[in-house]
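Student: Each number in this note's numbering corresponds to the 1-based position in the sequence shown with 19 added.
Cβ atoms here follow ideal geometry from the backbone N, Cα and C, with glycine treated the same way.
Got a structure here, written out as structure tokens. Questions coming.
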Amino acid sequence: MEQTNQIERRLKLIHVVAIGLAYMAPMAVFDTFGIASDISSGHVPAAYIVVFIAILFTALSYGKLVRQFPNAGSVYTYTRNIINPYLGVIVGWVTFIAYIALPMINALLADIYLSAGFPEVPGWVWIVGLIVIISFLNIFGVKIAASVNLLLVGFQALVGVIFTYLTIRSIVKGPESFMPISDIFPSGDDVSGLFGAAALLALSFIGFDAITTLSEDTVKPKKTIPKAILLVAGIGGVFFFGVTYFMQSLFPDVSIFNDIEGASPEIAQIIGGNLFLSFFLAGALFSCFASGLASQVSASRLLYAMGRDGVLPKRFFGYLHPKYNSPVANILLIGVLALSAIFLSLEAASSLINVGAFTAFSFVNLCVIINFFRHQGPRTFSLVVGSLIFPSIGLAFVVYLWANLDIFSIIAGGIWALLGIVYLAFTTDFFKKEPPQIAFDKLEA
Numbered sequence: 020m021e022q023t024n025q026i027e028r029r030l031k032l033i034h035v036v037a038i039g040l041a042y043m044a045p046m047a048v049f050d051t052f053g054i055a056s057d058i059s060s061g062h063v064p065a066a067y068i069v070v071f072i073a074i075l076f077t078a079l080s081y082g083k084l085v086r087q088f089p090n091a092g093s094v095y096t097y098t099r100n101i102i103n104p105y106l107g108v109i110v111g112w113v114t115f116i117a118y119i120a121l122p123m124i125n126a127l128l129a130d131i132y133l134s135a136g137f138p139e140v141p142g143w144v145w146i147v148g149l150i151v152i153i154s155f156l157n158i159f160g161v162k163i164a165a166s167v168n169l170l171l172v173g174f175q176a177l178v179g180v181i182f183t184y185l186t187i188r189s190i191v192k193g194p195e196s197f198m199p200i201s202d203i204f205p206s207g208d209d210v211s212g213l214f215g216a217a218a219l220l221a222l223s224f225i226g227f228d229a230i231t232t233l234s235e236d237t238v239k240p241k242k243t244i245p246k247a248i249l250l251v252a253g254i255g256g257v258f259f260f261g262v263t264y265f266m267q268s269l270f271p272d273v274s275i276f277n278d279i280e281g282a283s284p285e286i287a288q289i290i291g292g293n294l295f296l297s298f299f300l301a302g303a304l305f306s307c308f309a310s311g312l313a314s315q316v317s318a319s320r321l322l323y324a325m326g327r328d329g330v331l332p333k334r335f336f337g338y339l340h341p342k343y344n345s346p347v348a349n350i351l352l353i354g355v356l357a358l359s360a361i362f363l364s365l366e367a368a369s370s371l372i373n374v375g376a377f378t379a380f381s382f383v384n385l386c387v388i389i390n391f392f393r394h395q396g397p398r399t400f401s402l403v404v405g406s407l408i409f410p411s412i413g414l415a416f417v418v419y420l421w422a423n424l425d426i427f428s429i430i431a432g433g434i435w436a437l438l439g440i441v442y443l444a445f446t447t448d449f450f451k452k453e454p455p456q457i458a459f460d461k462l463e464a
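Have a look at this one:
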């Protein structure tokens, strides 16, 4: 079915920021606290500072490339045009694993929250239920509008504010005290755990880079998108650090919880009782639903684009439902893949997302550095700082995060990349033909 509609530029800065924050799902800060605190030996705020520094420099690199390529496609477009078309496809392939894993994450989180409230119900029921609902809605063309995203993010922020207030109140009234600034960062042998936790917590920032795919929908994208990227990363960094600082102060040792992965519902009940627990679970479920719906529709649209343009088999991946105008086959495929959440832990699924995210972050910084060396004009001080030093720092941090990624992630990412290379070799006659170009600018809003 031929795509004829053109994307209308309707989104302003506030809408783009809201969508970025919805993708980021601020409530995720509560979901990974128990695991990250265990890995970092009680230094989650410091781990967030580390990953935020890496994200900040990478966000600046995204901003530069968006100005150069103000069309959707993100890291695939940048790598294809700046480095190599074959590498662009492989990078796009590897980063796609994050889109596949996001619905898994949201299904797992829904299971954690709902199982805490209804322990007698098997966990797989919640996982299957969420995936079926979001798949059903996406098939019928239901999208989360920017205004709805704004409301959902606002509700999550309200939950976060109340959570923080109750945590502070518990610290003031209880035996614990606020963590001294000098104790935020570990010393000695705990440093390796800090970077291991930072690698895991990079999951929390996934979403700011998804903003780049909204360039075709945004008014004045060359100005709006870079601002939105920095705002989303900055708001997320401040929120994550602030919340975890107070949580870590109140709970320096997470071994007291029955389930480290599901520690946040326990914390909510301890600080606010059953009433706040219900409110907290509602916010968490809204977050899972919004993020799951958005991630599935993004993944299915990306697969549709790849199918339509011949990168993947067109008969299946390029199919649009004649009535609902939605890529039904892709939506169902993403839903089926997301069902693997039944067999995965939250940590394993998070690692899959980080493989895709770290690949994107690495090549975005690398593209800016390569652009610098190809620059023909005068190399001013600001150019050297912005296009060489900053992206080099961002790349160095991301490489360090790569080094602290668990072996499961490395193996899974390597297998996924190898599958992409084999498929690309097959479709390009062993790299003798240039790969088809994905026309991201043709995607519907």
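In terms of alpha-carbon separation, which member of Ser-428, Asn-423, Thr-399 and Asn-384 lies closest to Ile-412?
Tutor: Here residue 412 corresponds to residue number 393 of the sequence shown, with the count starting at 1. Minimum Cα distance to Ile-412 is reached at Asn-384.
Student: Could you check what DSSP says for Thr-243 in three-state terms: helix, strand or coil?
Tutor: Taking the first residue of the sequence shown as 1, we reach residue 243 at position 224. It is helical.
Student: Under a Cβ-count criterion, where at least 16 other Cβ atoms within 10 Å of its own Cβ denotes burial, should Gln-267 be classed as buried or exposed?
Tutor: The residue you call residue 267 lines up with position 248 of the sequence shown. With 16 or more other Cβ atoms within 10 Å, it is buried.
Student: Should Thr-399 go down as buried or exposed, given a rule of 16 or more other Cβ atoms within 10 Å for buried?
Tutor: For the purposes of this step, residue 399 is taken as the residue at position 380 of the sequence shown. Classification for Thr-399: exposed.
Student: Determine the closest residue to Ser-317 out of Arg-393, Val-417, Ala-422 and Thr-114, with distance taken between C-alpha atoms.
Tutor: Sequence index remark: in the sequence shown, residue 317 carries index 298 (1-based). Checking every option, the nearest Cα to that of Ser-317 belongs to Thr-114.
Student: Per DSSP, which one or two residues make a beta bridge with Leu-30?
Tutor: Working through the sequence shown from its first residue, we reach residue 30 at position 11. Note: Leu-30 sits in a beta bridge opposite Thr-237.
Student: Inspect the beta-carbon positions of Tyr-132 and Ala-303 and report whether they are closer than 9 Å.
Tutor: For the purposes of this step, residue 132 is taken as residue 113 along the sequence shown, with counting starting at 1. For the purposes of this step, residue 303 is taken as residue 284 along the sequence shown, with counting starting at 1. Yes; because the gap between Cβ atoms is below 9 Å, this pair is in contact.
Student: Let's test the definition: count the other Cβ atoms within 10 Å of the Cβ of Pro-284 and tell me whether it reaches 16, buried, or not, exposed.
Tutor: As a first step, residue 284 must be located in the sequence shown, where it is residue number 265. With 16 or more Cβ atoms within 10 Å of its Cβ, Pro-284 is classed as buried.
Student: Around the Cβ of Ile-38, are there at least 16 other Cβ atoms within 10 angstroms (buried) or fewer (exposed)?
Tutor: Your numbering for residue 38 matches position 19 in the sequence shown. Answer is buried; the Cβ neighbour count reaches 16.
Student: Classify Asn-277 as helix, strand or coil using the three-state DSSP reduction.
Tutor: Counting from one through the sequence shown, the residue named residue 277 turns up at place 258. Coil.
Student: Quick check: the Cα distance between Asp-130 and Tyr-95, rounded to an integer number of angstroms?
Tutor: Position 111 of the sequence shown, counted from the start, is the residue given in the question as residue 130. Position 76 of the sequence shown, counted from the start, is the residue given in the question as residue 95. Rounded to whole angstroms, Asp-130 to Tyr-95 spans 33 Å at the Cα level.
Student: I'd like the span of the alpha helix (DSSP H) that includes Pro-271, first residue to last.
Tutor: As a first step, residue 271 must be located in the sequence shown, where it is residue number 252. No alpha helix (DSSP H) contains Pro-271, which DSSP labels as neither H nor E.
Student: Are there 16 or more other CB atoms within 10 angstroms of the CB of Val-151, so buried, or fewer, so exposed?
Tutor: Position 132 of the sequence shown, counted from the first residue, corresponds to residue 151. By the 10 Å Cβ count, Val-151 comes out exposed.
Student: Relative to the alpha-carbon of Ser-274, which residue among Val-417, Asn-390, Ser-319 and Phe-52 has its alpha-carbon at the smallest distance?
Tutor: Along the sequence shown, read from residue 1 onward, the residue named residue 274 stands at position 255. Checked all of Val-417, Asn-390, Ser-319 and Phe-52; the closest Cα to Ser-274 is Phe-52.
Student: Quick check on the burial criterion: 16 or more other C-beta atoms within 10 angstroms. Buried or exposed for Gly-111?
Tutor: Indexing the sequence shown from 1 puts residue 111 at position 92. Gly-111 is buried by the Cβ-count criterion.
Student: What is the DSSP secondary structure of Gln-87, counted as helix, strand or coil?
Tutor: Reading the sequence shown from its first residue, position 68 is the one you call residue 87. Here Gln-87 sits in helix by DSSP.
Student: With respect to the alpha helix (DSSP H) encompassing Pro-45, which residues constitute its N-terminal and C-terminal limits?
Tutor: Locating residue 45 in the sequence shown gives position 26, where the first residue counts as 1. Run containing Pro-45: none; DSSP gives neither H nor E here.
Student: Evaluate contact between the region 393-410 and the region 346-362, counting only Cβ atoms and requiring at least three cross-stretch pairs below 8 Å.
Tutor: no
Student: Using a Cβ-Cβ cut-off of 7 Å (strictly less than) and excluding sequence neighbours within five positions of Leu-9, which residues of its own chain qualify?
Tutor: With the chain covering 20 to 464 only, the question about residue 9 has no answer from this structure.
Student: Which residues mark the beginning and the end of the alpha helix (DSSP H) in which Met-123 is found?
Tutor: Translated into the one-based positions of the sequence shown, residue 123 becomes position 104. Its alpha helix (DSSP H) spans residues 104-136.
Student: If you compare alpha carbons, which of Leu-128, Val-63, Leu-222 and His-394 is closest to Gly-142?
Tutor: Locating residue 142 in the sequence shown gives position 123, where the first residue counts as 1. If we check each option's Cα against that of Gly-142, Leu-128 comes out closest.
Student: Taking C-alpha atoms, which residue in Ile-54, Ala-367, Ile-203 and Ile-74 lies nearest to Asp-425?
Tutor: Locating residue 425 in the sequence shown gives position 406, where the first residue counts as 1. Measuring from the Cα of Asp-425, the nearest candidate turns out to be Ala-367.
Student: Taking Trp-504 as the reference, give the member of Leu-371, Gly-193, Gly-329 and Gln-288 with the closest Cα.
Tutor: Shown here, the chain extends from 20 to 464; a query on residue 504 therefore has no answer.
Student: Start and end of the alpha helix (DSSP H) containing Gly-396?
Tutor: By 1-based counting over the sequence shown, the position of residue 396 is 377. No alpha helix (DSSP H) contains Gly-396, which DSSP labels as neither H nor E.
Student: Over the uninterrupted alpha helix (DSSP H) stretch that includes Asp-57, give me the two end residues.
Tutor: Your numbering for residue 57 matches position 38 in the sequence shown. First-last of the alpha helix (DSSP H) with Asp-57: 52-59.
Student: Using the rule of at least 16 other Cβ atoms within 10 Å of the residue's Cβ for burial, across every protein chain shown, is Asn-373 buried or exposed?
Tutor: One-based indexing of the sequence shown puts residue 373 at position 354. Burial call: buried.
Student: Can you tell me whether Phe-88 is buried or exposed? The criterion is at least 16 other CB atoms within 10 Å of its CB, across all chains shown.
Tutor: Reading the sequence shown from its first residue, position 69 is the one you call residue 88. Answer is buried; the Cβ neighbour count reaches 16.
Student: Answer with buried or exposed for Gln-315, where buried requires no fewer than 16 other C-beta atoms within 10 angstroms of its C-beta.
Tutor: As a working note, residue 315 is residue 296 in the sequence shown. Gln-315 should be labelled buried.
Student: Quick one: Cα of Ser-406 to Cα of Thr-77, how far?
Tutor: Translated into positions along the sequence shown, residue 406 becomes position 387. Translated into positions along the sequence shown, residue 77 becomes position 58. A direct Cα-to-Cα measurement between Ser-406 and Thr-77 gives close to 11 Å.
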